[in-house]
Amino acid sequence: MSIQANLAPEGAAPTPLEMRRAMGSFASGVTIVTGLHEDEPVGFACQSFASVSLEPPLVLFCADHRGRTWPRIREAGRFTVNVLGEDQQDLCARFGSSKGAKYEGLDWETSRWGTPSLPGVLMRVHAEVHQVTVAGDHDVVIGRVLELETPDSGRPMLFFRGQFGIQDEQNWHIPDMWGWGDSWG
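Residue numbers for the sequence shown follow my numbering, beginning at 1 and rising by one.
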């Protein structure tokens, strides 16, 4: 099965739908970015996370600057990136939606850095906001790493072609939306 976006005329930029469909072919890990804003825990599901530098230790994630959660984490100045394992789809669904209480009934702890640490994740990166650059409808956030934790081992949660995990080619779903849920990043 060939998955090709319609090619735009020469010189024309791809449409948002073409971008979403093409970028869905890039498998990514899934994280939950968390923070405390005025003693209230906040967080959102995020696919765009990467290591930037070893010296100094820097990471990045991208967040929709029109969303409600990222501006509150930015104001707080510190965040934790919680890297999900393949069996944590319920946690992803909880934070990938703008509906419902994300922390209600969830067993989480406050890290020594004052950020929410989620249970059972593969890795936690505790960081402070170092630099923010506006890029289209998102902010590229560079964080200076304060501490790393690897509390659990296991396989990572992957997101590929609109689904979790790598499916048989005949089951591939060409995503109409970037990411999953209604409010990632």
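Idealized CB from N, CA, C, for every residue including glycine. In this text, all values refer to a predicted model and were calculated from it rather than measured experimentally.
- C-alpha of residue 47 to C-alpha of residue 39: approximately 26 Å in a straight line.
- Contact annotation, residue 143 with residue 127: C-beta distance approximately 3 Å; criterion of less than 8 Å satisfied.
- In terms of Cβ geometry, residue 137 and residue 119 do not form a close pair [threshold 8 Å].
- Counted as a single uninterrupted DSSP element, the stretch harbouring residue 73 is not any beta strand (DSSP E) but the alpha helix (DSSP H) occupying residues 69–76.
- Under the 8 Å Cβ criterion, the region 85–98 counts as touching the region 21–39, having at least three qualifying pairs.
- Of the candidates 111, 62 and 116, the residue whose Cα lies closest to the Cα of residue 134 is 62.
- Just so you know, the alpha carbons of residue 78 and residue 130 end up roughly 9 Å apart.
- Residue 122 is not a Cβ neighbour of residue 90, given a cutoff of 8 Å.
- Residue state for residue 55 is assigned as coil, using DSSP reduced to three classes.
- The Cβ atoms of residue 125 and residue 140 lie no closer than 8 Å to each other.
- Using a 10 angstroms sphere on the CB of residue 64, the tally of other CB atoms reaches 16 or more, which defines it as buried.
- The three-state secondary structure of residue 139, taken from DSSP, is strand.
- The C-beta distance from residue 81 to residue 59 rounds to 7 Å, short enough to fall under 8 Å.
- Of all alpha-carbon atoms in 161, 11, 12 and 155, the one lying nearest the alpha-carbon of residue 85 is that of 155.
- Burial state of residue 100 is exposed, judged by a 10 Å Cβ sphere holding fewer than 16 other Cβ atoms.
- Between residue 44 and residue 15, the beta carbon gap of about 25 Å keeps them out of contact (Cβ cut-off 8 Å).
- Looking from the CA of residue 34, the closest CA among 92, 161 and 157 belongs to 92.
- Cβ neighbours of residue 72 within its own chain (closer than 6 Å, five residues either side excluded): 37 and 42.
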